[in-house]
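Take a look at the structure set out below.
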Amino acid sequence: MARTFSSDACPIRDVLDRATDRWSMLILFTLAKNGTLRFSALKMHIEDISPRMLTRTLRRLEQDGFVSRAVQPTNPPRVEYALTPLGTSLLAPVWEFVRWAKKNRGRVLESRQRNSRRADTARTWPVRIG
25 MARTFSSDAC
35 PIRDVLDRAT
45 DRWSMLILFT
55 LAKNGTLRFS
65 ALKMHIEDIS
75 PRMLTRTLRR
85 LEQDGFVSRA
95 VQPTNPPRVE
105 YALTPLGTSL
115 LAPVWEFVRW
125 AKKNRGRVLE
135 SRQRNSRRAD
145 TARTWPVRIG
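Here it is as structure tokens:
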């Protein structure tokens, strides 16, 4: 029987699509390194994320149970974000991938460059029309 990897049938894809996008990983790593942070502190640590994208990503991470959001009863309200136990447990296998990526980055870049040159060469071949 053939395996299917549609998002409905593949729990791995469903979780990875949400948890491992660029911004989610940066937010999770930032919270792991710095502990509980307010929105503005997260924004300072992740300079190139827009406030809108930070808000959207935090909401998704909270919805999926990776991040908790605590509103302190102050005026104005103070909102803090922290990793949940589920978010912390996600980081262990991700750190393994980070170690793998650091170890193998050079090989990946060499392969990318080699294959990019091949693709560039293929694009420069003359094409006869008619």
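Under this note's numbering, read the sequence shown as residues 25 to 154, first letter to last.
Even for Gly, the Cβ is constructed at its ideal location relative to N, Cα and C.
The structure displayed is predicted, hence computed values, not measured ones.
Counting C-beta neighbours from all protein chains within 10 Å, is the total for residue i 16 or more, i.e. buried, or is it exposed?
i, result
"THR44", "exposed"
"ILE51", "buried"
"LEU155", "Outside the shown range of the chain (25 to 154) lies residue 155, about which nothing can therefore be said."
"GLY154", "Legend: pLDDT at GLY154 = 48, less than 50; position of this residue unreliable, value from coordinates given subsequently. Under this definition GLY154 is an exposed residue."
For a test of the three-state rule: what should DSSP assign to residue i, helix, strand or coil?
i, result
"GLY154", "Residue confidence is low: GLY154 scores 48 on pLDDT, short of 50, so the model does not pin down where it sits. Its coordinate-derived value is still stated next. If DSSP states are grouped into helix, strand and coil, GLY154 belongs with coil."
"GLU86", "helix"
"GLU71", "coil"
Compare the C-alpha of residue i against each of the options and name the closest.
i, options, result
"SER113", "SER64, ASN99 and ALA56", "ALA56"
"ARG42", "SER64, PRO109, VAL103 and THR81", "THR81"
"SER48", "THR98, PRO97 and VAL118", "VAL118"
"VAL91", "PRO97, PRO101 and LEU66", "LEU66"
"LEU61", "LYS126, ALA106, PRO100 and GLY111", "ALA106"
Kindly indicate the opening and closing residues of the beta strand (DSSP E) around residue i.
i, result
"SER92", "91-96"
In the DSSP assignment, find the alpha helix (DSSP H) that holds residue i and state where it starts and stops.
i, result
"ASN99", "ASN99 -> no alpha helix (DSSP H), and no H or E assigned at all."
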